[in-house]
Structure formats: structure tokens, C-alpha cells
Amino acid sequence: MRFSRIKACQVMAETGMVPVFYHSDLETSKQVLKACYEGGVRAFEFTNRGDFAHEIFGELNKWAAKECPDMILGIGSIVDAGTASLFLQLGANFVVGPLLNPDIFKVCNRRQVAYIPGCGSVSEVGYAQELGAEVVKVFPGDVVGPAFVKGIKAPMPWSNLMVTGGVTPTEENLSKWFGAGVMCVGMGSNLFPKDVIAAKDWNKITQLCKDALAIIAKTRTK
């Protein structure tokens with residue numbers, strides 16, 4: 008682990024966006040990571056979506072340390088402690104999941120690595136904070152919506168919420184989420200259109216990242 012848990016959370020708060028990506032091809036993953044880095048992204052979630060994803064992640068993380076030295080690379084789609092431990096051995100700087108598993112907190116807290124669990128209720132958000140989460144993932148965002156975030160922030164204003172699912176790189180969408188009070192957003196398929204990846208149009212991804220970060224900066228100043 009090259010970055011502390013506090014640093015990882017601070018960067019998420021500062022940039023406001025964490026791209027969420029998986030690809031089974033290492034070279035494609037490198038190019039996407041580099042494109043995001045050049046677009047201003049500094050925290051990136053590679054997801055544990057397929058067989059041998061840990062092998063891709065391990066190589067990607069070693070490569071990123073040299074080619075994208077300020078990129079904080081974390082792992083997503085983690086649902087159990089054993090898998091979390093595997094990726095911590097490979098240098099994951101933060102761990103994200105679609106659900107809340109207390110056993111993952113034990114593994115991550117022991118190693119001082121941020122665990123960002125997926126929560127879909129106010130009680131789950133509160134439980135995650137009780138277990139030590141600096142940032143809590145609101146998921147699935149397209150199901151619960153911005154009103155859910157606003158509802159949590161009213162009685163629990165200290166909550167640092169990252170929403171994933173249903174986030175698009177448009178001013179209309181992002182202004183709703185940040186207006187509701189999210190700390191940052193996780194963005195996947197909408198930031199990485201399949202046709203763009205297939206065409207290896209890395210400059211397009213860089214531009215999408217730049218545009219999204221600019222919109223986020225703009226919505227925050229309102």
C-alpha cells in the first residue's frame with residue numbers, strides 16, 4: 008500500500024470522482040488508467056469482476072506506481088474478507104464493495120486501509136460508520152436516488168457519501184447528486200463507453216474525465 012487511508016479519502020473528497028472499471032486485458036486496463044490519469048483522476052477503482060482479476064490488478068498496480076505515480080488505485084466488488092486480504096497483498100490502497108461485511112472491516116482496519124462498503128439504508132450507513140468507515144458508498148444509486156442522500160445528510164451531516172450506480176457525466180445528473188450532498192461519485196460504464204474502449208480511443212476517455220471533473224468543480228461552487 009503506497010497511500011494511507013486518510014490520503015485516499017482526502018483525494019476522493021478533493022476530486023469528487025472515482026472511475027470504476029474492469030477489463031480482462033492488462034494492456035487495455037493500463038491505457039484506460041493512464042487516460043484517466045491524464046484527465047485529472049487521482050483515485051481509481053478497478054473491480055474484481057472476472058477470473059484472474061487479481062493477476063491483472065497486481066500487474067496494473069506495479070505499472071501505475073511508475074507510470075501514474077500519484078494515482079491511488081483501489082479494488083472494488085469485494086464481498087468477503089478473504090478476497091479483501093488477497094488484494095491488500097497486491098497493494099490495494101482502498102477496498103470498495105456492493106454490500107457491508109463486518110469481516111472486511113476487521114481485515115482492512117488492521118492494515119489501516121479504507122473500506123468503503125455499499126449501503127442502501129440509513130441503518131446500514133450508521134453501522135458502517137460505527138465500524139470505522141470514513142466514506143460510505145450509497146448503492147445502488149439509481150435505485151435510492153439523490154433524495155436518499157439528502158435524507159441521510161439531514162440527521163447525519165457528518166456522513167461522507169460516495170454514490171455509485173446511475174451516475175452519468177452530465178451537468179444535470181452530477182448537480183443533483185452533489186446538490187444532495189455527496190462527497191464524491193463512482194462512475195463506471197458511462198465514463199467508459201464500450202465503443203470507445205473497442206476503438207481504443209484513449210483521448211476520448213481523457214476528455215470525458217476532464218469534462219466530468221470540470222462539471223463537479225462547477226456544481227460545488229454553486
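Following my numbering, the numbering of the sequence shown begins with 8 at its first residue and continues without gaps.
Backbone N, C-alpha and C define an ideal beta-carbon position, used for all residues, glycine too.
Burial check for Ile13: the Cβ neighbour count within 10 Å stays below 16, so the residue is exposed.
Annotation for Glu141: no alpha helix (DSSP H) segment contains it, and DSSP assigns it neither H nor E. Ala121 counts as buried, since no fewer than 16 other beta carbons sit within 10 angstroms of its beta carbon. Annotated three-state conformation of Tyr134 is helix, per DSSP.
Using a Cβ distance threshold of 8 Å, Lys113 and Pro153 do not count as a contacting pair.
Taking 8 Å as the cut-off, the Cβ atoms of Cys115 and Lys144 do not count as close. Residue pairing from DSSP places Ile123 in a beta bridge opposite Val103.
Closest option to Val27, judged by alpha-carbon separation, among Ala135, Leu97, Thr175: Thr175. Excluding the 5 residues flanking it on each side, Lys157 has same chain C-beta neighbours closer than 7 Å at Ala187, Gly188, in chain order. The C-alpha of Ser196 lies about 12 Å from the C-alpha of Val39. Cβ contact annotation for Leu33 (same chain, cutoff 7 Å, sequence separation greater than five): Ile63, Glu66, Leu67, in chain order. The beta carbon of Ile222 lies closer than 6 Å to those of Glu178, Leu181 in the same chain, with the five residues before and after it left out. If the five residues before and after Ala72 are omitted, its C-beta is found closer than 7 Å to the C-beta atoms of Arg9, all from its own chain and listed in chain order.
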